[in-house]
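Peer 1: Let me give you the structure first, and then I'll get to my questions.
Numbering (this note's numbering), first residue to last: 2 to 216.
Below is the structure:
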């Protein structure tokens with residue numbers, strides 16, 4: 002059976018810049034869309050958005066908050082209305098970054114917070130239900146510095162624990178899912194370097210080094 006698949010990944014989740022430094026704000030997130038239509042005209046639509054913001058206290062640790070929303074919809078040729086499942090979540094994260102040279106960095110992100118979902122049939126009142134619970138995850142990833150605080154980020158799955166309606170699930174999906182994304186660091190004020198620091202050529206870092214020479 003042939004399938005027509007349209008997929009767009011605008012920003013990848015769990016993103017971080019390879020030149021993470023103290024006293025900076027990290028903005029990240031992902032926006033994804035996936036559409037499948039088979040030969041019988043059965044359709045599947047997926048959309049998700051997962052923004053986040055964090056503060057980098059030093060060259061390794063970042064703390065912040067995240068949010069998420071996603072929807073999964075299907076319809077077959079025998080249906081008039083779409084069947085859907087909407088998911089949402091909010092929580093906090095902690096991230097540890099380990100730079101490797103001037104271009105690469107490894108990092109792990111731990112997330113914990115509330116998540117829930119609703120199900121139903123569009124256009125049909127009281128056709129579904131809802132539930133909520135606790136979710137925690139640990140995601141390892143690699144960042145590749147590009148320019149001016151931007152980085153490409155690659156993750157390949159991780160560990161996830163869910164507790165919902167007295168049911169516990171634990172998933173290990175290492176290597177089963179790949180995310181690719183970008184991120185941007187925003188530096189807050191001026192900071193002094195103590196010893197050798199990574200210099201990736203960004204204007205902020207050049208200005209700081211020039212300030213040190215003038216001092």
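Yeah, the Cβ is synthetic: ideal placement off N, Cα and C, and Gly gets one too. Quick caveat, the model's predicted, so the values are computed rather than measured.
1) Tell me where the beta strand (DSSP E) around residue 24 begins and ends.
2) Beta carbon of residue 117, beta carbon of residue 89: below 9 Å?
3) Suppose the cutoff is 6 Å on Cβ atoms and the five residues either side in sequence are ignored; what does the same chain contact list for residue 170 look like?
4) Note down the Cα distance separating residue 33 from residue 73, rounded to an integer number of angstroms.
5) Roughly how many angstroms separate the alpha carbons of residue 130 and residue 82, rounded to a whole number?
6) Per DSSP, what are the beta-bridge partners of residue 71 in this structure?
7) Taking the C-alpha atoms as reference points, what is the distance between residue 76 and residue 121?
8) Pick from 28, 39 and 61: whose alpha carbon is nearest that of residue 106?
9) For a test of the three-state rule: what should DSSP assign to residue 37, helix, strand or coil?
10) Given this structure, state the Cα-to-Cα distance separating residue 219 from residue 47, to the nearest angstrom.
11) Quick check: what's the CA-CA separation for residue 30 versus residue 154?
12) Using the rule of at least 16 other Cβ atoms within 10 Å of the residue's Cβ for burial, across every protein chain shown, is residue 57 buried or exposed?
13) Mind pulling the beta strand (DSSP E) runs of 3 or more residues that sit fully within the segment 122-168?
14) Take residue 35 as the anchor and find which of 115, 26, 71 and 23 has the nearest alpha-carbon.
15) Please state the DSSP three-state secondary structure of residue 109.
16) Whole angstroms is fine: what's the gap from residue 101's alpha carbon to residue 23's?
Peer 2: Let me lay it out:
1) Careful: residue 24 lies outside any beta strand (DSSP E) and carries neither H nor E.
2) yes
3) 163
4) 12 Å
5) Each residue's Cα considered, the two are about 17 Å apart.
6) DSSP, once it has assigned bridges, lists 49 and 88 as partnering residue 71.
7) 12 Å
8) 61
9) strand
10) Shown here, the chain extends from 2 to 216; a query on residue 219 therefore has no answer.
11) Computed Cα separation, rounded: 11 Å.
12) buried
13) 131-148, 151-156 and 160-165
14) Minimum Cα distance to residue 35 is reached at 71.
15) strand
16) 17 Å
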